[in-house]
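Under the numbering used here, think of the first position of the sequence shown as 16, with each following residue one higher.
Scroll down for the structure; my scribbles are underneath it.
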Amino acid sequence: MTLLAHEKARYLRTPTLAAGEGGPELRVIACGPEGESLLAFPLEGEALGAPRELARQDAIVALGRGEQPLPVALDPSEAHSRGGWRVWITRGDGRTTVWASDGARDTRVWEAWGTAAAPYVAPAEGGAWVAFHHNVREDTGEPDLSKWVALRFVTDAGDVKAPSAPMTDRDRDREGEEQGWELPTLVVGDDGAVAIWGRGSHAFFRQDLSADGFSARAPIGSTGWGCRGRWVSALRDGARVITARREKAGVEIAFEALPAGGPPALEPAEVQLPERPHRDVPARPTGPDPAAKDGRRTLFGDIHQHSAHSDGCGTADEPYLRARYVYGDDFCALTDHESFIGKRIGEGEWAYLQEIANRHDEPGTFATLLAYEWTGRMYPGPGHKVVYLPPDGGPIVSRDDVPEGKELVARVKALGGFAVPHHVGWTGADEEAHDEEGQPVWEICSCHGCYLTADHPLGGRGDLRDQMVDAVMRRGKRFGFIACSDGHGLLYHHGVGRKRDPFRCGLTAVQAEDCTREAILSAIRERRCYATSGVPILLDLRAGPDEAPMGSALEVDGPVDVRAEVRCATELESLSLEGPDGPIATVSGQGRTHAVLEARVEPGWVYARAEQRDGEMAWSSPIFL
């Protein structure tokens, strides 16, 4: 194994092997203070020679994965070409199709209601091997969370075959830190056997297929939680395979054996899976939307989640596809860690992530926000904050340059954005950095738990009691509430989450004028937003003779009339008004789906809390009196 280490002024990403004029070489994007460059290192035996610079740009968005990889503007997770063959993905209304072409014929390889991505092609005798990952369960045909590599063989005649042997180790229900297997790469051996490399939720694995069937998956490199690269690059070099991948310390180059054991047995593959199967997704409440009285509507979205661009799973497209076509959400944000556990997002990768978000943004129908996670030191450090940028985006303010929360909030505010602290009872609230404009809301619930109060019935990772939301509010800080999943694509969030589906552990609701970036960001800034534990619940809060909405700050000199309203899709347990000293008033839901609660409230602050009989909850942003 050979290591090309990161340096303080040279972070390495996207390692890709190529057959150079003088032999194999490693091409890698080097990110530094003066921009990004594509470097080529010749491989001399198992050593790296001196690099030469192939390209220099302010930002290299992506690197092609063909025989001679160079900077490209295309998405490498949606298509791949090699040896005259090409594979690509098409999508429509929640369905995904994988295609292959030898230049003369387009062949449909796989189609289903679900998500497939990362196709890879390897020409072979009589056709080509095609690999991709998808989230459709083999036992039920339903889309699920965990993704796994699939392998097909497309013949020169256009027939689609699958391995006759079952894939060993495939387990879409596996729990713990290491789940799934995605982002495949292939090499075909001299006798027709095939090697597959892919990324689990954290570690890389190799699995071979031969006449004897599938081998066991074998981990490659380090294991355990971390931010690694997305792909293994593999190149045949005589009687060996050279592989390269980005690990925490840098790029690791390994020299492995070719797959052997003879060509695998094949059988006809099922190409078009059945029509869209049923999947249980929480329904939205029916009936009047209380936001309509102000000419607004209540929209729901998850604006804190991760992909394989940091310590999560999947491509950058997948969160948007999942939000829109699986959950029916109105808006979404992908918020990968910009610097965390050996990973940094440079200018080029950030440009790429913004472009993916822009591609999925459809004003009026589905909105995507531009955001990332700034990951500070745990308490008594500044903790973690998600940064939301203006509609047109902007640069990253990195924790490597700005390690303290107060300066981060000031810089982000100057860019026209805002920051949002989260899981404060675990990593800290960074109370001294709070700014009502630069931090208008806090995330109070996620797959890590609920941090509104200590000993919350939904639980919570960590127990920093004086950092909980209500404790900070009692000390005079003002902010609104949102909730998000903070999902990384892991069932039960590797044992921490309270639900199998981590992406339904927190949901942000906004009372917005339209389904656009501008309107959603404006509603959050105004605190016209609220948090739910992961299901759509209509919740409203008004105060005073002018019916000031949630998030308002009123100047009062005595008690104020406050009105809360909730509408659920299932039976309501209770609706309450909560203040600095606890519950102010409560009404039983009595199994209904709608309730109204009115009370006279003393100066301080008040928020509405709704609980369904199934345990799901919602909390309005407070009104400050």
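C-beta atoms are modelled at their ideal positions from N, C-alpha and C, and glycine is treated no differently.
On a predicted model such as this, the values are computed, not experimentally measured, just so you know.
Going by the DSSP bridge assignment, what does residue i pair with across the sheet?
i, result
"Y387", "V402"
"Q222", "I211"
"P574", "DSSP lists no partner for P574."
"W246", "Paired residues: none, contrary to the question."
"D317", "C347"
"E68", "L54"
"D252", "R255"
"D481", "Note: D481 sits in no beta bridge, so no partner."
"S116", "R101, D121"
"I268", "T17, A259"
"P436", "K400"
"W620", "F639"
"V525", "L314, C544"
"W634", "A546, R624"
"H352", "E388"
"T11", "Nothing can be reported for residue 11: it is not among the residues displayed for the chain, which extend from 16 to 640."
"S96", "R101"
"A460", "Looking at the sequence itself, residue 460 is Cys, so the reference to Ala does not match. C465, A498, per the DSSP bridge assignment."
"L281", "P178"
How is residue i classed by DSSP in three states: helix, strand or coil?
i, result
"V412", "coil"
"H375", "helix"
"I539", "helix"
"V487", "helix"
"H509", "helix"
"T531", "coil"
"F494", "coil"
"G12", "With the chain running from 16 to 640 in the structure shown, residue 12 is simply not present."
"K514", "coil"
"K358", "strand"
"A444", "coil"
"Q83", "coil"
"V341", "helix"
"V202", "strand"
"R710", "Outside the displayed range of the chain (16 to 640) lies residue 710, so it cannot be described from this structure."
"P334", "helix"
"L473", "coil"
"V43", "strand"
"Q454", "coil"
"A425", "helix"
"L368", "helix"
"A563", "strand"
"P551", "coil"
"R299", "coil"
"A74", "coil"
"P418", "coil"
"P305", "helix"
What is the C-beta distance between residue i and residue j, in whole angstroms, given that I count them as a contact (C-beta under 8 Å)?
i, j, result
"P300", "R628", "So it is not a contact: roughly 14 Å between Cβ atoms."
"A498", "S548", "7 Å"
"H3", "C462", "Beyond the ends of the chain as shown, which are 16 and 640, falls residue 3; an answer cannot be given."
"E580", "D555", "5 Å"
"A546", "V577", "Wrong, their Cβ atoms sit about 18 Å apart, outside the cutoff."
"V202", "V256", "5 Å"
"G619", "G594", "6 Å"
"D171", "G142", "5 Å"
"H609", "G316", "Not really, about 23 Å apart at Cβ, beyond 8 Å."
"H399", "H449", "Incorrect: roughly 15 Å between the Cβ atoms, too far for contact."
"D351", "L368", "7 Å"
"G432", "P410", "Contact doesn't hold; Cβ gap of about 10 Å is too wide."
"R167", "A338", "About 28 Å; that fails the 8 Å criterion."
"R543", "G566", "5 Å"
"V169", "V145", "6 Å"
"Y622", "P637", "4 Å"
Inset, instruction - Evaluate contact between the stretch 93 to 104 and the stretch 129 to 149, counting only Cβ atoms and requiring at least three cross-stretch pairs below 8 Å. - result: The stretch 93 to 104, when compared against the stretch 129 to 149, does touch it at the 8 Å Cβ threshold.
Inset, instruction - Say whether the stretch 355 to 362 touches the stretch 314 to 329, bearing in mind that this needs 3 or more beta-carbon pairs closer than 8 Å, one atom from each stretch. - result: Under the 8 Å Cβ criterion, the stretch 355 to 362 counts as touching the stretch 314 to 329, having at least three qualifying pairs.
Inset, instruction - Taking 8 Å as the threshold, find out whether the stretch 144 to 154 comes into contact with the stretch 109 to 129 through three or more Cβ pairs. - result: In short, these stretches touch, since the Cβ pair count reaches three.
Inset, instruction - Taking only runs that begin and end inside the stretch 582 to 611, name each unbroken alpha helix (DSSP H) of 4 or more residues, in chain order. - result: Counting only runs of 4 or more, we get nothing.
Inset, instruction - Ignoring anything shorter than 3 residues or poking outside the stretch 127 to 194, list the beta strand (DSSP E) runs there in chain order. - result: Whole beta strand (DSSP E) segments, 3+ residues: 131 to 139, 142 to 151, 158 to 170, 175 to 178.
Inset, instruction - Taking 8 Å as the threshold, find out whether the stretch 238 to 251 comes into contact with the stretch 209 to 219 through three or more Cβ pairs. - result: The stretch 238 to 251 is in contact with the stretch 209 to 219.
Inset, instruction - State whether the stretch 484 to 504 contacts the stretch 271 to 291, with contact taken as three or more CB pairs (one from each stretch) at a distance under 8 Å. - result: Not touching, per the Cβ criterion.
Legend entry - Any 3 or more C-beta pairs closer than 8 Å across the stretch 76 to 88 and the stretch 30 to 46: Here the stretch 76 to 88 makes contact with the stretch 30 to 46; the two share three or more CB pairs at distances below 8 Å.
Inset, instruction - Answer yes if the stretch 473 to 485 comes into contact with the stretch 423 to 442, meaning at least three C-beta pairs across the two stretches below 8 Å, and no otherwise. - result: Touching, per the Cβ criterion.
Legend entry - Three-pair Cβ contact test at 8 Å for the stretch 374 to 385 versus the stretch 411 to 421: No: fewer than three Cβ pairs fall under 8 Å.
Inset, instruction - Mind the definition here: the stretch 524 to 538 touches the stretch 307 to 315 only if three or more C-beta pairs lie below 8 Å; say whether that holds. - result: With the cut-off at 8 Å, the stretch 524 to 538 and the stretch 307 to 315 touch.
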